[in-house]
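K.L.:
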Amino acid sequence: MSVSSLGSDPYRDWLRQTLSPEMGLRRADQLVLSAVTRRGWPAMQPFGPREVVAVLQDVYASLREELGDARADKWIESATQSLSVFMQTAPAPAPTKTERQEPVRAPVKWGRRAHDLPLLLARVHNETAQRSLDAIRVTPELNGLERAAEWDVQATHAELRRWEAEDRLSSMRAEHARAEMAEQVRSARAQERLLDLTVRELEGEARFSDAAARRGTQPHSRVAGDSSGPLAEDGGTLRGPGTTAPVQTQLAHNRLMLTQTRAFLEVFSPLADEQAADIAPLVPEIDLEAQRLSISVQLHPNVLRARHTLNYAEWQAGDSASTDPRVREAQQALAQVETEAAHLLQDTLNTARQHQMQFSQLRIRSQELERRVSQLSASGGDPLSLARVQFEAQQLRAAIRVHADRLLEALGLLDALGGN
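Everything in the sequence shown is counted per my numbering, starting at 1063 for the first residue and increasing by one.
#1: Using alpha carbons as the reference points, say which of LEU1448, LEU1407, GLN1420, LEU1469 lies closest to LEU1479.
#2: Is the beta carbon of ALA1184 closer than 9 Å to that of ARG1224?
#3: Where does VAL1147 land, buried or exposed, given buried means 16+ other C-beta within 10 angstroms?
#4: Going by beta carbon distance, what residues of the same chain come within less than 8 Å of SER1439, once the five residues before and after it are set aside?
#5: Three or more C-beta pairs closer than 8 Å, one from the region 1411-1419 and one from the region 1232-1250: is that the case here?
#6: Measure the C-alpha to C-alpha separation of PRO1104 and VAL1098 and round it to an integer number of angstroms.
#7: Is ASP1071 helix, strand or coil by DSSP?
#8: Can the beta-carbon of GLN1079 be found closer than 9 Å to that of GLN1360?
#9: Under three-state DSSP, which class holds ILE1426?
#10: Assuming the contact rule is C-beta atoms closer than 8 Å, ALA1210 and HIS1362 should be a hit. Round their C-beta distance to whole Å, please.
#11: By DSSP, does SER1232 sit in helix, in strand, or in coil?
#12: I'd like the list of long-range same chain contacts for HIS1187, defined as Cβ closer than 6 Å, with 5 residues on each side in sequence excluded.
#13: Suppose the cutoff is 7 Å on Cβ atoms and the five residues either side in sequence are ignored; what does the same chain contact list for TYR1374 look like?
#14: Taking the alpha carbon of ARG1074 as the reference point, which residue from LEU1256, ARG1101, GLU1113, VAL1345 has its own alpha carbon closest?
#15: Can you find at least 3 beta carbon pairs, one from the region 1414-1424 and one from the region 1458-1468, that sit closer than 8 Å?
#16: Considering only C-alpha positions, which residue in the set ASP1091, PRO1111, SER1082 is nearest to PRO1072?
#17: Which parts of the region 1080-1121 are runs of the beta strand (DSSP E), unbroken and 3 residues or longer, counting only runs that do not cross its ends?
#18: Does the separation of the CB atoms of ARG1126 and ALA1134 fall below 9 Å?
#19: Taking one C-beta from the region 1374-1385 and one from the region 1329-1347 each time, how about it: are there three or more such pairs within less than 8 Å?
#20: On the CB-based measure, 16 or more other CB atoms within 10 Å of its CB, does ASN1205 come out buried or exposed?
#21: Going by DSSP in three states, GLY1266 sits in which element: helix, strand or coil?
#22: So within the region 1409-1459, which uninterrupted alpha helix (DSSP H) runs reach at least 4 residues, ignoring any that extend past its ends?
#23: Report all residues from its chain with a CB closer than 7 Å to the CB of GLU1432; omit the five preceding and five following residues, and keep chain order.
#24: Would you say PHE1046 and LEU1077 are within 9 Å of each other, going by their C-beta atoms?
#25: For ALA1141 and TYR1122, what's the separation of their Cα atoms in angstroms?
#26: Roughly how many whole angstroms lie between the Cα atoms of THR1305 and SER1436?
#27: With a threshold of 6 Å on Cβ separation, who are the neighbours of LEU1195 within its own chain once the five nearest residues in sequence on each side are excluded?
#28: Are the CB atoms of HIS1417 and LEU1469 nearer to each other than 9 Å?
#29: Is there a C-beta anywhere in chain B that falls below 9 Å from the one on ASP1229?
#30: With 16 as the cutoff for other CB atoms within 10 Å, does PHE1453 come out buried or exposed?
#31: In the DSSP assignment, find the alpha helix (DSSP H) that holds GLN1143 and state where it starts and stops.
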């Protein structure tokens, strides 16, 4: 499908022609209108790649319910590949005749919030590119440069979105760090309770052993609580009652750990807002295995910038574009950037998948431990066993938060780099 065969809103027209064979033109129009209404877009807003992807996601969800996963997956794969090819020839919706008569816009006055230099520069570059495109559109002599200027606007807008997303990611990471510190403090409190009970238990066993030694008898081993020790920070176990080490060695070790834990709490508990640990991380239910990268690669800021460079080189070369060395160099650079962007996006997606898997597995283990805590509390289990299970449960909660936070950050980075 060529751009010239489409109307003044090529992406919307492409979408209607792509949807109509599967569901008919009328229903295709209804789905597009529904997407516009639900997202609050202006009714006559020209579509771009992101609007098309949003509608395709709606259609994919509908087809999964109606036709099943296999047919829906095949359809969305074909549609995204087709859109990826179409995007290479359609950088932006064509301007209307009214838009061509608009005067060049005045520079934007930046407010105090534009204090971050990379974000400020991205805003300036985007505004400069848009003003240049406006000037080209009202200058007949520069009509041939309009296509390259449109790609420049697309590239600077993608770069602006990237830095805006990075700004949001910075705030997100700060919130995550506060919540993770709160979880660590709570884990330390649970560890302190466990160690305190362990030390008391070992002190009792040591007194019993000393009394037996004075009587000249050999005491039987007194095992307090479960014989399996609780998890330590490094994933090992805390030595406690029931281990084979001599009682005095166990006692000295647990006293040392109790002292260290209390020192940690003394320093960090005033710094942490433990209420942050009460707010569970909101992890979206998203099927990362079904993510398509073909569109994301074409929306990557570096790819859009390389495509602008190629179009500019073609404009400079004119009729000799097919043999111009600058054009060939720009084509090679574009291919290299596309490969690098695909690798970066794939690595980020794989990271998100790994954290999602760990998050799901740990959440199941955590639910089992929470049930054990409830059972021990309800049945009046011994305090040491209860403290041990509570400590394990708290450590799992802390680990779950870490994986949830890294997953959210990876998803945010995918969005910053042009992900869907």
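Virtual Cβ for every residue (Gly too), placed ideally from N, Cα, C.
P.N.:
So, from the data block:
#1: LEU1407
#2: yes
#3: exposed
#4: LEU1448
#5: no
#6: Their Cα atoms are separated by approximately 7 Å.
#7: DSSP, reduced to helix, strand and coil, places ASP1071 outside both helices and strands of the structure shown, so it counts as coil.
#8: Between GLN1079 and GLN1360, the CB-CB gap reaches or exceeds 9 Å.
#9: helix
#10: Their Cβ separation, rounded to whole angstroms, is 18 Å, which puts ALA1210 and HIS1362 out of contact at 8 Å.
#11: The three-state reading of DSSP puts SER1232 in helix, counting H, G and I together.
#12: Contacts found: THR1218.
#13: ALA1210
#14: GLU1113
#15: Contact holds: three or more Cβ-Cβ distances are below 8 Å.
#16: Of the listed residues, the one whose Cα sits closest to PRO1072 is PRO1111.
#17: none
#18: yes
#19: no
#20: exposed
#21: Helix, per DSSP.
#22: none
#23: ALA1455
#24: For the chain, the structure presents residues 1063 to 1482; residue 1046 sits outside this window and is missing.
#25: 10 Å
#26: Residue confidence for THR1305 is low, a pLDDT of 45 falling below 50, so the modelled location carries little weight and cannot support an answer.
#27: ALA1211, VAL1215
#28: yes
#29: The displayed structure is made up of one protein chain only, and chain B is not part of it.
#30: Buried: at least 16 other Cβ atoms inside 10 Å.
#31: 1131-1149
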